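Engineer: For the sequence shown, the working numbering begins at 606 and goes up steadily by one.
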Amino acid sequence: MIRAMLWDADGVLQHSPAGWREVLDEAGGEGFAEAVFRSELPALRGEEPLRTALERVLREWPHRTGLDADTLLELWERAVVDEDAMAVVQEVRDRGITCVLATNQQDHRRAWMRDVLGHDARFDRVYYSSEMGVMKPDPAYFHHIVDDLGLAPHEAGFVDDSHANIEAAAEAGLHAVHHDPDSGAAALRREVEGLLDSTRR
606 MIRAMLWDAD GVLQHSPAGW REVLDEAGGE GFAEAVFRSE LPALRGEEPL
656 RTALERVLRE WPHRTGLDAD TLLELWERAV VDEDAMAVVQ EVRDRGITCV
706 LATNQQDHRR AWMRDVLGHD ARFDRVYYSS EMGVMKPDPA YFHHIVDDLG
756 LAPHEAGFVD DSHANIEAAA EAGLHAVHHD PDSGAAALRR EVEGLLDSTR
806 R
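1) Does the distance from the CB of residue 688 to the CB of residue 717 come in under 8 Å?
2) Taking the alpha-carbon of residue 743 as reference, which of 784, 625, 732, 770 has the nearest alpha-carbon?
3) Check residue 804 in the structure and name its three-state DSSP category.
4) Is it buried or exposed, residue 676, if we count other Cβ atoms within 10 angstroms and call 16 or more buried?
5) Locate the alpha helix (DSSP H) running through residue 747, then write down its first and last residues.
6) So what's residue 610 in DSSP terms, helix, strand or just coil?
7) Identify the residues that DSSP records as bridge partners of residue 706: which are they?
8) Can you tell me which of the three DSSP states residue 809 falls into?
9) Who are the near neighbours of residue 725 in its chain, counting only those whose CB is closer than 6 Å to its CB and skipping five residues on each side?
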């Protein structure tokens with residue numbers, strides 16, 4: 606039986622407007638977006654602040670036009686919370702199942718999600734990759750969470766929009782279900798209900 610449900614944030618509980626890559630490449634030239642996203646990886650693991658990484662990219666990228674670190678950082682503040690999806694989280698909490706935010710986030714977005722969106726208050730526990738020093742889809746990410754919760758992997762469920770993360774969670778022993786970001790909260794409810802029901806049999 607599932608005693609804790611782990612929820613991904615982006616693509617499940619919150620959504621960002623499309624076109625990040627196009628905006629960045631238009632401003633900095635082709636390939637600039639890839640350089641920016643690649644620079645985020647160490648920050649997602651908590652190895653350095655995102656600002657430091659972005660400032661390094663801006664120094665190294667010769668074709669940027671009118672961009673600074675503050676402008677780039679604002680791109681990570683554009684997510685919109687899906688309140689209908691959050692209602693699904695609360696429904697599961699109301700059933701006595703521990704609900705956990707399990708998300709890859711660097712320090713800047715972590716602070717924004719915590720202080721502006723107020724995510725920490727909506728969950729029983731929160732796990733941001735930059736505070737853990739490890740990120741999905743590393744199996745160590747999932748083992749860290751279930752160990753911290755005092756659970757066996759098979760006592761935890763997980764929902765994410767990334768197939769790679771779902772596969773890693775399943776390999777770590779969790780019950781995992783994929784969510785299509787375009788399918789909406791009603792689909793999320795069905796997916797989570799199906800997962801919870803399947804583990805009660």
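Note that beta-carbon positions come from the ideal geometry of N, C-alpha and C, so glycine has one too. Here the structure is a predicted model, which means the values were calculated and not measured.
Structural biologist: On the basis of the coordinates in this document:
1) no
2) 770
3) coil
4) exposed
5) 744 to 754
6) strand
7) 612, 731
8) As displayed, the chain neither begins before 606 nor continues past 806, which places residue 809 out of reach and without an answer.
9) 719, 731
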